[in-house]
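Asker:
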Amino acid sequence: MMIPPSPPLPPQELKVVEPKNEKSSIDEPPEVELKDLPSHLEYAFLEGTNKLPVIIAKDLKDEDKVALIKSAGRRRQTVITEMLVADHRRQEQLAKALKLVKRLQTQMAELQRQQGPANGPAQPELPEEAGSSS
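For what it's worth, the working numbering labels the leading residue of the sequence shown as 15, then goes sequentially.
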């Protein structure tokens, strides 16, 4: 008994979805509602007069406050840079994966063209009945 070949699968295209180009909280920090703090704490801001609030001790000397804010700002920038580098690497890996998938799709389509169109399911061979005349 002969097993009929399975019909070729139709080629499938990957849909590439472009990310929405919304402003990130890095570029435009959200506005936050500042709560009342205990008397020994106060808000300081990493950017401008009301962006990126941090809570610090109120009794710090002015030069210590400035040094703390600068240090926090540098650390924030380091973290942002690390995140951007990691995102760039992820995008490069995704681009490589998409190229491989497209190449595989092309190869699959070529194989299907070489095999030709499906002729429908093959008829199984039936054994000849004893005593039949041809």
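For every residue, glycine included, the Cβ atom is placed at its ideal position computed from N, Cα and C.
In this structure, how does DSSP classify residue 68 when only helix, strand and coil are distinguished?
Answerer: Three-state DSSP puts residue 68 in a strand.
Asker: Under DSSP, the alpha helix (DSSP H) around residue 96 begins and ends at which residues?
Answerer: First-last of the alpha helix (DSSP H) with residue 96: 76-129.
Asker: Run through DSSP, which three-state label would residue 56 get?
Answerer: DSSP places residue 56 in strand when its eight states are reduced to three.
Asker: Beta-carbon separation of residue 72 and residue 56 under 8 angstroms?
Answerer: In this structure, residue 56 lies closer than 8 angstroms to residue 72 by Cβ.
Asker: Going by DSSP in three states, residue 61 sits in which element: helix, strand or coil?
Answerer: Strand.
Asker: On the three-pair Cβ rule with 8 angstroms, is the region 74-92 touching the region 43-52?
Answerer: Cβ pair count under 8 angstroms is below three, so no.
Asker: Would you tell me roughly how many angstroms separate the C-alpha atoms of residue 61 and residue 92, rounded to the nearest one?
Answerer: The straight-line gap from Cα to Cα measures roughly 15 angstroms.
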